[in-house]
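Visitor:
There are 4 protein chains.
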Amino acid sequence: MSPTGTRVRDAAIELFAERGFHGTGIRDLAERAGLSSATLYHYMGTKEDLLVSIMTESLGRLVEAGERLTTADPLTRIIGLVELHVLTHAMRRLETRVVDDEMRSLSPARRKAVVALRDRYEALWQDAIDAGVADGVFHVRAPRVARLALLEMCGGIARWYTPDGPIPLEDLALRYAEMALGVLGVAGPPPPLDVDTVRRTRALVDEIW
Amino acid sequence: MSPTGTRVRDAAIELFAERGFHGTGIRDLAERAGLSSATLYHYMGTKEDLLVSIMTESLGRLVEAGERLTTADPLTRIIGLVELHVLTHAMRRLETRVVDDEMRSLSPARRKAVVALRDRYEALWQDAIDAGVADGVFHVRAPRVARLALLEMCGGIARWYTPDGPIPLEDLALRYAEMALGVLGVAGPPPPLDVDTVRRTRALVDEIW
Amino acid sequence: MSPTGTRVRDAAIELFAERGFHGTGIRDLAERAGLSSATLYHYMGTKEDLLVSIMTESLGRLVEAGERLTTADPLTRIIGLVELHVLTHAMRRLETRVVDDEMRSLSPARRKAVVALRDRYEALWQDAIDAGVADGVFHVRAPRVARLALLEMCGGIARWYTPDGPIPLEDLALRYAEMALGVLGVAGPPPPLDVDTVRRTRALVDEIW
Amino acid sequence: MSPTGTRVRDAAIELFAERGFHGTGIRDLAERAGLSSATLYHYMGTKEDLLVSIMTESLGRLVEAGERLTTADPLTRIIGLVELHVLTHAMRRLETRVVDDEMRSLSPARRKAVVALRDRYEALWQDAIDAGVADGVFHVRAPRVARLALLEMCGGIARWYTPDGPIPLEDLALRYAEMALGVLGVAGPPPPLDVDTVRRTRALVDEIW
DNA sequence: AATGAATGAGGCTTCATTCAT
DNA sequence: TATGAATGAAGCCTCATTCAT
Chain A
1 MSPTGTRVRD
11 AAIELFAERG
21 FHGTGIRDLA
31 ERAGLSSATL
41 YHYMGTKEDL
51 LVSIMTESLG
61 RLVEAGERLT
71 TADPLTRIIG
81 LVELHVLTHA
91 MRRLETRVVD
101 DEMRSLSPAR
111 RKAVVALRDR
121 YEALWQDAID
131 AGVADGVFHV
141 RAPRVARLAL
151 LEMCGGIARW
161 YTPDGPIPLE
171 DLALRYAEMA
181 LGVLGVAGPP
191 PPLDVDTVRR
201 TRALVDEIW
Chain B
210 MSPTGTRVRD
220 AAIELFAERG
230 FHGTGIRDLA
240 ERAGLSSATL
250 YHYMGTKEDL
260 LVSIMTESLG
270 RLVEAGERLT
280 TADPLTRIIG
290 LVELHVLTHA
300 MRRLETRVVD
310 DEMRSLSPAR
320 RKAVVALRDR
330 YEALWQDAID
340 AGVADGVFHV
350 RAPRVARLAL
360 LEMCGGIARW
370 YTPDGPIPLE
380 DLALRYAEMA
390 LGVLGVAGPP
400 PPLDVDTVRR
410 TRALVDEIW
Chain C
419 MSPTGTRVRD
429 AAIELFAERG
439 FHGTGIRDLA
449 ERAGLSSATL
459 YHYMGTKEDL
469 LVSIMTESLG
479 RLVEAGERLT
489 TADPLTRIIG
499 LVELHVLTHA
509 MRRLETRVVD
519 DEMRSLSPAR
529 RKAVVALRDR
539 YEALWQDAID
549 AGVADGVFHV
559 RAPRVARLAL
569 LEMCGGIARW
579 YTPDGPIPLE
589 DLALRYAEMA
599 LGVLGVAGPP
609 PPLDVDTVRR
619 TRALVDEIW
Chain D
628 MSPTGTRVRD
638 AAIELFAERG
648 FHGTGIRDLA
658 ERAGLSSATL
668 YHYMGTKEDL
678 LVSIMTESLG
688 RLVEAGERLT
698 TADPLTRIIG
708 LVELHVLTHA
718 MRRLETRVVD
728 DEMRSLSPAR
738 RKAVVALRDR
748 YEALWQDAID
758 AGVADGVFHV
768 RAPRVARLAL
778 LEMCGGIARW
788 YTPDGPIPLE
798 DLALRYAEMA
808 LGVLGVAGPP
818 PPLDVDTVRR
828 TRALVDEIW
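Residue numbers (our numbering), protein chains in the order written: chain A, 1 to 209; chain B, 210 to 418; chain C, 419 to 627; chain D, 628 to 836.
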């Protein structure tokens with residue numbers, strides 16, 4: 001993408017995240033990107049097209065990364081997914097917030113494809129949870145509820161994370177992994193829960209973003 | 210409040226929850242309430258006043274209910290808070306979504322008071338968690354992160370709950386309580402985790418709403 | 419219709435006739451009607467709705483008047499139709515110009531109904547012509563072409579007529595009737611071609627408009 | 628003119644005729660001509676310049692052809708003018724429609740010259756009609772009205788003609804000539820009304836266009 | 001010869017709000 | 001209590017045009 005195109009995109013991510021899609025005007029976008037509002041339209045279709053492309057790209061990357069983790073055993077998988085989710089929601093907090101919050105702003109026609117992508121991603125979580133329950137390593141009585149709870153819990157970091165906080169991001173990822181295992185009823189801190197795993201997940205994130 | 214006033218309020222809750230504050234027009238509100246848009250202004254101040262009053266009332270009740278739970282020991286308290294949060298977010302899912310999602314739509318001037326109320330509520334959680342950690346009954350390495358994670362996890366039910374689902378609400382509250390204790394590193398299912406406690410919490414909700 | 423509604427309508431008729439639909443801006447309409455452009459929208463739907471309603475009403479009246487003439491013999495009928503067409507295009511020259519010129523400005527969806535109405539009206543002409551040919555009173559070798567030529571010829575008066583001109587309108591109607599009979603190959607001026615007939619047709623116009 | 632210049636011109640004729648001047652955007656023109664909208668400006672001045680040049684050239688040719696017919700007697704002249712008008716409006720229906728319909732789209736400054744050209748052309752008609760009336764070969768009571776009616780009638784062919792129709796163009800020209808003589812009150816089919824005359828007029832058209 | 005980038009002005013329409021009745 | 005009428009500001013988007021490359 002051209003540098004200006006990137007500026008438009010970045011402006012949209014910032015503003016949609018801060019003020020919401022409907023709270024962001026075309027003039028706001030133009031001002032943030034340093035363009036006239038007419039020029040904006042050289043770099044996007046409609047405002048909704050811009051939103052869709054942001055969501056699609058972000059979710060697409062998340063799906064791609066998530067699918068790389070599906071080969072491992074359920075425990076390793078869920079740890080990887082938690083780390084992936086937490087890291088991306090911290091490192092890309094603006095665009096992930098847009099994905100998580102602005103689904104409702106899409107027109108039905110455009111929503112379909114985005115929801116399908118999100119469902120693919122959530123299915124990775126559900127599969128890992130179900131497999132862990134089947135293996136007896138997770139103990140939850142309502143696996144679907146657990147998935148929803150975990151996604152909400154881990155994604156929540158995008159609502160408050162800043163790199164200036166007292167806890168380094170890799171440690172935060174570990175804390176979330178511990179909490180997630182608690183949610184899933186895993187007894188005691190299992191071996192894969194160390195910083196090296198987090199770093200491997202982070203490398204994955206860096207590769208795909 | 211007059212019956213018509215209630216209709217306006219309910220319409221606003223529904224629409225703000227579904228489409229967001231900026232996605233909802235005065236005309237939408239009027240139509241949903243069965244009034245002309247001019248008449249609307251007999252029952253509200255500005256659109257933002259309406260939002261503020263919805264948020265203030267909802268949060269006010271949550272705070273009031275939460276403060277009734279502060280006498281118990283940390284474990285009982287956190288269980289009560291989780292149940293309270295889950296029950297209200299399920300039973301009043303629209304208005305709680307408005308509270309959770311539309312803070313950013315408030316002008317700075319109006320936001321202050323609402324944020325203060327929310328902070329009071331969240332402090333109840335933080336106090337309970339910190340007390341539990343001090344007592345050695347909770348085992349978390351980042352108590353502030355745990356609070357944020359728990360609130361996000363429990364409030365998330367408002368994004369998907371419907372009374373038609375397969376799991377009765379009281380059971381859901383129990384599941385969330387179990388997951389919360391997992392997050393907090395509590396070992397084994399403790400005594401207060403039964404349906405009677407949920408029912409007591411529900412009675413509290415019914416009393417205050 | 420409310421007085422203001424009528425002002426909006428009249429402004430639209432004037433401007434659409436003078437500058438065309440696409441050459442008329444919403445601000446032009448508002449200014450001509452003495453309103454703000456926002457207020458305009460209390461009295462119309464979209465700009466296209468306004469155009470459609472003008473065309474539909476005008477054509478509707480023309481059809482209604484035309485259908486009152488279908489009982490007579492072909493010669494009397496065609497004379498009546500010519501007089502009707504000429505009188506309306508002179509007396510209502512602006513709205514008839516809009517009807518005749520702005521069909522192409524309608525979106526396909528809206529065009530359908532208007533074209534159907536116009537076709538109904540033109541069928542009255544074709545039927546009269548065909549009947550006259552069958553009766554041997556008209557002598558034309560291409561009746562469809564004659565219809566098109568006559569309509570164009572008679573409607574053309576809307577492009578130049580002004581009440582201040584040297585020839586009174588009723589005389590103009592007679593001149594057009596004479597020319598029309600010439601087009602249709604009728605030999606010699608037939609009896610019904612006098613001012614009394616024109617006055618009867620004019621009474622019909624006055625009744626229906 | 629360069630081939631590309633011709634493409635631009637042809638695109639403009641098509642679109643101005645179909646959608647009107649104000650209904651045609653620069654982008655539409657560019658797309659139809661297969662160029663970018665910036666490149667368009669290498670082949671034209673402003674959009675209005677393009678319109679003016681189309682109208683001027685078309686009218687100029689009409690005037691030139693019309694003036695070749697002024698030597699004959701009134702009857703032959705009017706027949707020639709009718710044939711010329713009908714043939715050009717059928718063979719060049721798009722550009723003649725632009726001439727006939729888009730005069731109002733010209734700014735006053737540019738309109739003057741075009742109107743002058745049109746007036747020169749219409750004077751040819753008026754002169755022929757007046758001469759015929761003076762000679763006693765035409766019988767019309769309002770010669771100016773007859774001119775307006777004839778021009779409208781004959782030019783109308785541009786609104787519906789297609790080469791695929793059931794009647795060959797030369798026959799159409801004859802039909803229009805017959806109708807025109809009817810309008811002018813000429814008794815009986817006079818000698819010059821045959822296909823050979825039409826062919827001569829057609830040759831004139833082919834020479835000048 | 002050709003175009004991507006740029007823009008001020010304006011396109012149509014809706015916004016939240018007020019006020020006289 | 002209720003609303004039709006009214007509006008300045010703003011909504012998203014396209015306009016015709018210019019210019020550096």
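Positions of the beta carbon are idealized from the N, C-alpha and C atoms, including for glycine.
Remember, it's a predicted structure, so these values are computed and weren't measured experimentally.
Go ahead and label R654 of chain D buried or exposed: buried means 16 or more other beta carbons lie within 10 angstroms of its beta carbon, across all protein chains shown.
Guide: Along the fourth sequence, one-based indexing puts residue 654 of chain D at 27. Label assigned to R654 of chain D: exposed.
Visitor: Check whether chain B comes within 8 Å of E18 of chain A, counting only Cβ atoms and requiring the distance to be less than that.
Guide: Looking up residue 18 of chain A in the first sequence gives position 18. Taking Cβ atoms only, chain B reaches closer than 8 Å to E18 of chain A, which makes this a yes.
Visitor: Would you please verify whether the beta carbon of L543 of chain C is less than 8 Å from any beta carbon of chain D?
Guide: Numbered from its first residue, the third sequence carries residue 543 of chain C at position 125. A small correction: the amino acid at residue 543 of chain C is Trp; Leu does not occupy that position in the sequence shown. Not closer than 8 Å to any Cβ of chain D, the Cβ of W543 of chain C fails to qualify, so no.
Visitor: Less than 8 Å between C-beta atoms, sequence neighbours within five positions excluded: which residues of the same chain meet that for P143 of chain A?
Guide: Counting from one through the first sequence, the residue named residue 143 of chain A turns up at place 143. If we look at P143 of chain A and ignore the five residues flanking it on each side, its Cβ neighbours are Q126, I129, D130, V133.
Visitor: By the criterion of Cβ-Cβ separation under 7 Å, what are the contact partners of M55 of chain A in chain B?
Guide: One-based indexing of the first sequence puts residue 55 of chain A at position 55. Residues of chain B passing the Cβ test: none, with the nearest at roughly 16 Å.
Visitor: Using the three-state DSSP reduction, which class does E729 of chain D fall into: helix, strand or coil?
Guide: Position 102 of the fourth sequence, counting from 1, holds the residue named residue 729 of chain D. Coil.
Visitor: Starting from the Cα of S664 of chain D, find the closest Cα among D:R646, D:A639, D:R829 and give me that residue.
Guide: Looking up residue 664 of chain D in the fourth sequence gives position 37. Closest option to S664 of chain D, Cα to Cα, is D:A639.
Visitor: Quick check on E292 of chain B: buried or exposed, where buried means 16 or more other Cβ atoms within 10 Å of its Cβ?
Guide: As a first step, residue 292 of chain B must be located in the second sequence, where it is residue number 83. Label assigned to E292 of chain B: buried.
Visitor: If you follow the alpha helix (DSSP H) that P168 of chain A is in, where does it begin and where does it stop?
Guide: Against the first sequence, residue 168 of chain A aligns to sequence position 168. Here P168 of chain A belongs to no alpha helix (DSSP H), and DSSP marks it neither H nor E.
Visitor: Cα separation between V186 of chain A and R202 of chain A?
Guide: Mapped onto the first sequence, residue 186 of chain A falls at position 186. Mapped onto the first sequence, residue 202 of chain A falls at position 202. Computed Cα separation, rounded: 24 Å.
Visitor: State the DSSP-derived secondary structure class of D127 of chain A, mapped to helix, strand or coil.
Guide: Translated into positions along the first sequence, residue 127 of chain A becomes position 127. Helix, per DSSP.
Visitor: Between the Cα of L453 of chain C and those of C:M597, C:R425, C:L587, spot the shortest distance and give me the residue it belongs to.
Guide: Here residue 453 of chain C refers to the residue found at position 35 of the third sequence. Considering only alpha carbons, the answer is C:R425.
Visitor: Establish whether the CB of M103 of chain A and some CB of chain B are separated by less than 8 Å.
Guide: Counting from one through the first sequence, the residue named residue 103 of chain A turns up at place 103. Not closer than 8 Å to any Cβ of chain B, the Cβ of M103 of chain A fails to qualify, so no.
Visitor: Count the other C-beta atoms from every protein chain shown that fall within 10 angstroms of the C-beta of S211 of chain B, then say buried if there are 16 or more, exposed otherwise.
Guide: Mapped onto the second sequence, residue 211 of chain B falls at position 2. S211 of chain B comes out exposed.
Visitor: If you drop the 5 nearest sequence neighbours on each side, which residues of the same chain put their C-beta closer than 6 Å to that of A807 of chain D?
Guide: For this step, residue 807 of chain D is matched to residue 180 along the fourth sequence. Cβ neighbours of A807 of chain D beyond the five flanking positions: V709, L777.
Visitor: Tell me the rounded alpha-carbon separation between V198 of chain A and Y668 of chain D.
Guide: In the first sequence, the residue the question calls residue 198 of chain A occupies position 198. In the fourth sequence, the residue the question calls residue 668 of chain D occupies position 41. Linking V198 of chain A to Y668 of chain D through their CA atoms gives a straight-line distance of about 59 Å.
Visitor: Please confirm whether M462 of chain C has its beta-carbon closer than 8 Å to some beta-carbon of chain D.
Guide: In the third sequence, the residue the question calls residue 462 of chain C occupies position 44. It does not: the Cβ of M462 of chain C has no partner Cβ on chain D nearer than 8 Å.
Visitor: In terms of residues, what are the limits of the alpha helix (DSSP H) holding G155 of chain A?
Guide: As a first step, residue 155 of chain A is located in the first sequence; it is residue number 155 there, counting from the start. DSSP places G155 of chain A inside the alpha helix (DSSP H), whose first and last residues are 143-155.
Visitor: Are the beta-carbon atoms belonging to F569 of chain D and V713 of chain D less than 8 Å from one another?
Guide: As shown, chain D starts at 628 and ends at 836. That puts residue 569 of chain D outside it, with no answer to give.
Visitor: Find the residues of chain D that neighbour E570 of chain C, judging by a C-beta separation of less than 7 Å, and give them in chain order.
Guide: As a first step, residue 570 of chain C is located in the third sequence; it is residue number 152 there, counting from the start. In chain order: E779, M780, G783.
Visitor: Which residue's Cα is closest to the Cα of Y788 of chain D: D:L811, D:L721, D:L775?
Guide: Here residue 788 of chain D corresponds to residue number 161 of the fourth sequence, with the count starting at 1. Across the set D:L811, D:L721, D:L775, the C-alpha of D:L721 shows the shortest separation from the C-alpha of Y788 of chain D.
Visitor: Going by alpha carbons, who is nearest to A736 of chain D out of D:L820, D:D728, D:V679?
Guide: On the fourth sequence, residue 736 of chain D is found 109 positions in, with the first residue counted as 1. Comparing Cα positions, the closest option is D:V679.
Visitor: In three-state DSSP terms, what is L35 of chain A?
Guide: Locating residue 35 of chain A in the first sequence gives position 35, counting from the first residue. Here L35 of chain A sits in coil by DSSP.
Visitor: Quick check: what's the CA-CA separation for A322 of chain B versus G5 of chain A?
Guide: On the second sequence, residue 322 of chain B is found 113 positions in, with the first residue counted as 1. On the first sequence, residue 5 of chain A is found 5 positions in, with the first residue counted as 1. Using only the alpha carbons, I get a separation of about 39 Å.
Visitor: Where does R716 of chain D sit, in a helix, a strand or coil, going by DSSP?
Guide: Here residue 716 of chain D refers to the residue found at position 89 when the fourth sequence is read from its first residue. Reading off the sequence shown, one finds His at residue 716 of chain D, where the question assumed Arg. Of the three classes helix, strand and coil, the one that applies to H716 of chain D here is helix, per DSSP.
Visitor: Flag this pair as yes or no: are the beta carbons of M780 of chain D and E540 of chain C separated by less than 8 Å?
Guide: As a working mapping, residue 780 of chain D is identified with position 153 in the fourth sequence. As a working mapping, residue 540 of chain C is identified with position 122 in the third sequence. Result no, Cβ atoms of M780 of chain D and E540 of chain C do not sit closer than 8 Å.
Visitor: Give me the subset of the region 419-443 of chain C whose CB atoms are less than 9 Å from a CB atom of chain D, sorted by chain position.
Guide: E436, R437, G438, F439, H440, G441, T442
Visitor: Apart from the five residues just before and just after H557 of chain C, which ones in its own chain have a Cβ nearer than 6 Å to its Cβ?
Guide: Taking the third sequence and counting its residues from 1, the one referred to as residue 557 of chain C is at position 139. Contacts found: G603.
Visitor: D100 of chain A: buried (16+ other C-beta within 10 angstroms of its C-beta) or exposed?
Guide: For the purposes of this step, residue 100 of chain A is taken as residue 100 along the first sequence, with counting starting at 1. Label assigned to D100 of chain A: buried.
Visitor: Cα-Cα, which of D:A699, D:D676, D:G707 is closest to V822 of chain D?
Guide: Working through the fourth sequence from its first residue, we reach residue 822 of chain D at position 195. It is D:G707 whose Cα lies nearest to the Cα of V822 of chain D.
Visitor: Cβ atoms of S107 of chain A and E48 of chain A: under 8 Å apart, would you say?
Guide: Taking the first sequence and counting its residues from 1, the one referred to as residue 48 of chain A is at position 48. Taking the first sequence and counting its residues from 1, the one referred to as residue 107 of chain A is at position 107. Contact flag set, yes.
Visitor: Could you check what DSSP says for G20 of chain A in three-state terms: helix, strand or coil?
Guide: Counting from one through the first sequence, the residue named residue 20 of chain A turns up at place 20. Three-state result, G20 of chain A: coil.
Visitor: List the residues of chain B whose Cβ lies closer than 8 Å to the Cβ of I167 of chain A, in chain order.
Guide: Position 167 of the first sequence, counted from the start, is the residue given in the question as residue 167 of chain A. Neighbours of I167 of chain A on chain B, chain order: A351, V354.
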